[in-house]
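Numbering (the numbering used here), first residue to last: 8 to 380. We treat Cβ as the ideally placed atom computed from N, Cα and C, and that holds for glycine. On a predicted model such as this, the values are computed, not experimentally measured, just so you know. The structure appears right after this line, and notes come after that.
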């Protein structure tokens, strides 16, 4: 019996979309050895030079002109991709994507970003007869995700499902599965062993993510943390931002035995296990990973748009707190220093509850059901 093939398509606008695709790929293969998966960032695969330029321009716009990005996001909130964008995607991707599908012959296509979702939807309108499953990787539902050609939407919460239904999507075409994360985020690791492996001290530890998007460029933000460096262990993840890494490495305030600077790592799950507090921008994937690990979260300057919606969800459900001033940081760091056992108990409680009414394999299982129909 031939193996079932699943093609997972994403784009590189932030790492979360592709991380979700890889998490699904692993989850599907764990559920069944008779499934073959392939993950592609469509733009990077077909046009690597152009994609690199577009992603760089996008990141620069988001970090330097967030209000402009937010204005565009809100103006298109209830709309599908505009005709110009659809035409551009058609010209750039349409024929080559059709050829990829002809070569790989997938039984199901899963999209974790609106752009490949739009491309596959157009191919389906032209006659492609392959089920299309769309995984929305935020705690909101922007109009660019919507297409009548999607056979099944997998969404993070019941609230997102209600938004889709309100925009005309059939209720039976939507399933609340949660955002898929790598199985490692559901597996506990031995904290003492990790401390030894990473060369960390047995003291309160704060993991800071988002440096790759300029989070650590704020003087006030850096000041508050370096003032606590004798009492708090700081792990700062800067992703692929080599410029930020070099800048902080040369800053004497960060040349301290209790401060660890890191570039990109595939072991964020382990760094979360060894940390007591996560400070991050509220991206959908990072928030979900933190939720899976049950780590208290502080959210720093959400990008107007989907990050604001993610922030509101996590605050409303008491799963995190927004940094409104340096006082918020001081409050939490003081808690870690002065009432560390209480913070550890809260962390353990969150880890047990997980606050989620669904199983971490739900998303992969939903795709399995589509394959078996």
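| Asked | Found |
| --- | --- |
| Please work out which residues of its chain come closer than 6 Å, Cβ to Cβ, to residue 297, disregarding the five sequence neighbours upstream and downstream, and give them in chain order. | 285, 304 |
| Nearest CA to the CA of residue 205: which residue from 155, 312, 143, 280? | 280 |
| Return yes when the Cβ of residue 217 is within less than 8 Å of the Cβ of residue 307, no when it is not. | yes |
| Starting from the C-beta of residue 313, find all residues in its chain whose C-beta is less than 6 Å away, skip the five residues before and the five after it, and write them out in chain order. | 145, 147 |
| Can you give me the C-alpha to C-alpha distance between residue 362 and residue 110, rounded to a whole angstrom? | Residue placement at residue 362 cannot be trusted, given a pLDDT of 49 that sits under 50; what the coordinates show is reported in the next sentence. Roughly 42 Å separates the two Cα atoms. |
| Residue 143 and residue 167 look like a contact to me (Cβ under 8 Å); what is the Cβ gap, rounded to whole Å? | 6 Å |
| Round the Cβ separation of residue 344 and residue 238 to the nearest angstrom and send it over; I've been treating them as touching at under 8 Å. | 5 Å |
| Around the Cβ of residue 30, are there at least 16 other Cβ atoms within 10 angstroms (buried) or fewer (exposed)? | buried |
| If you follow the alpha helix (DSSP H) that residue 119 is part of, which residue opens it and which one closes it? | From DSSP, residue 119 is part of no alpha helix (DSSP H); its letter is neither H nor E. |
| Sort 42, 230, 120 by Cα distance to residue 334 and report the nearest one. | 230 |
| For residue 240, count the other beta carbons within 10 Å of its own beta carbon; 16 or more makes it buried, fewer makes it exposed. Which is it? | buried |
| Ignoring anything shorter than 4 residues or poking outside the stretch 124-205, list the alpha helix (DSSP H) runs there in chain order. | 165-173, 198-205 |
| Where do the ends of the alpha helix (DSSP H) carrying residue 321 lie? | 313-323 |
| Are the Cβ atoms of residue 184 and residue 370 separated by less than 8 Å? | yes |
| Would you tell me roughly how many angstroms separate the C-alpha atoms of residue 138 and residue 282, rounded to the nearest one? | 41 Å |
| Can you give me the C-alpha to C-alpha distance between residue 261 and residue 255, rounded to a whole angstrom? | 6 Å |
| Should residue 195 be labelled buried (16 or more other beta-carbon atoms within 10 Å of its own) or exposed? | exposed |
| Determine the burial state of residue 264: buried for a count of at least 16 other Cβ atoms within 10 Å of its Cβ, exposed for fewer. | exposed |
| Which same chain residues end up closer than 6 Å to residue 161 when comparing Cβ atoms and leaving out the 5 residues on each side of it in sequence? | 142, 182, 184, 370, 373 |
| Restricting to Cα atoms, I'd like to know which of 311, 350, 320, 9 is closest to residue 302. | 350 |
| Runs of 4 residues minimum, wholly inside the stretch 266-317: which ones carry the alpha helix (DSSP H) assignment? | 275-280, 291-300 |
| Answer yes or no: do residue 119 and residue 24 have a C-beta to C-beta separation smaller than 8 Å? | yes |
| Please report how far the alpha carbon of residue 200 lies from the alpha carbon of residue 325, in whole angstroms. | 30 Å |
| Can you name, in chain order, every residue of its own chain whose Cβ lies under 7 Å from the Cβ of residue 36, other than the five neighbours on each side? | 42, 44 |
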